[in-house]
Structures are given as structure tokens and as C-alpha cells.
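Comments concern the structure below.
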Amino acid sequence: MKGRGFPWSRLLLVLLVFAAGFLLHDVRTHGSFQASSSARLLRSSGVLPASQQAWQKVSHCCLEGYRSVAPALGGSVRVWVGVKHKAISCREPFLLGKRSPGLPGSAFSSAL
């Protein structure tokens with residue numbers, strides 16, 4: 032009779048639920064995420080600023096992509112975007128290992 036092995040997926044699910052519960056409890060105890068001890072730990076380790084910077088870059092690039100495709104879609108699609116714009120560069124996109132030519136008027140078509 033062959034064993035099924037260790038249930039790693041269930042262990043990871045339990046750990047994820049535990050971590051989410053701890054984070055929720057910490058935020059509720061301190062009143063906000065910024066005041067929580069989890070935020071202080073993430074901020075002191077450098078994870079929080081790095082993740083915020085990555086999220087800003089991703090959201091900016093998605094917004095630029097939408098803006099470059101929106102004229103082709105006409106007025107059929109409307110999207111509300113609440114993004115704080117900062118000077119973030121999306122000048123070197125690569126699609127499947129090749130440089131994207133970009134569309135006129137998009138951030139990808141600007142000269143380096």
C-alpha cells in the first residue's frame with residue numbers, strides 16, 4: 032500500500048489562515064494597519080516600503096497600458112482609477128523576451 036505523503040498544501044493553507052487571522056487581530060487591536068505591530072515589523076525589515084514601491088509601479092504601468100488601449104476601445108469601456116501618480120518609469124517592457132514596440136502616446140513609445 033502506497034502512502035499519500037505529507038499534506039503540504041493543507042499545511043500551507045492552515046499557515047495562511049493563521050497569518051491572516053493574526054494580522055486581522057493585530058490591526059483590530061491597534062485600530063489601523065499603520066499603528067499595528069505587523070506594520071512596524073514590515074517597515075523595519077524593509078518589506079513594506081519595497082512592496083509599496085512595487086505596487087505603485089505595477090498600478091502605474093497598468094494605467095498607462097489602459098490609456099494606450101482606450102482609444103481603440105472607443106467609449107465602450109470606462110474605468111475609475113484612483114492611483115497616486117509618482118515618477119515611475121515603464122520604459123523597458125519586455126514581452127516574451129522581445130522589446131515591445133509600444134503604441135503612439137503610451138509610456139512604452141517614448142524615447143529613452
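Add 31 to the 1-based position in the sequence shown for the numbering used here, that's all there is to it. We put the beta carbon where it would ideally sit given N, CA and C, even for glycine.
Would the beta-carbon of residue i fall within 7 Å of that of residue j?
i, j, result
"L55", "S69", "no"
"V58", "F49", "no"
Can you give me the start and stop residues for the alpha helix (DSSP H) that residue i sits inside?
i, result
"A51", "39-61"
"P66", "With the sequence shown as reference, residue 66 is identified as Ala, and Pro is not the correct amino acid for it. Segment: none, A66 is in no alpha helix (DSSP H) and carries neither H nor E."
Would DSSP call residue i helix, strand or coil?
i, result
"R164", "Residue 164 is absent from the model: the chain starts at 32 and stops at 143."
"G27", "Nothing about residue 27 can be read from this structure; the chain reaches only from 32 to 143."
"I119", "The predicted position of I119 is uncertain, since its pLDDT is 45 and thus under 50; no value can be drawn from it."
"V110", "Residue placement at V110 cannot be trusted, given a pLDDT of 47 that sits under 50; the coordinates are not used to answer."
Between residue i and the ligand PLP, is there a pair consisting of the residue's CB and a ligand heavy atom that are separated by less than 6 Å?
i, result
"A85", "Within the structure as shown, the ligand PLP is missing, as the structure has no ligands at all."
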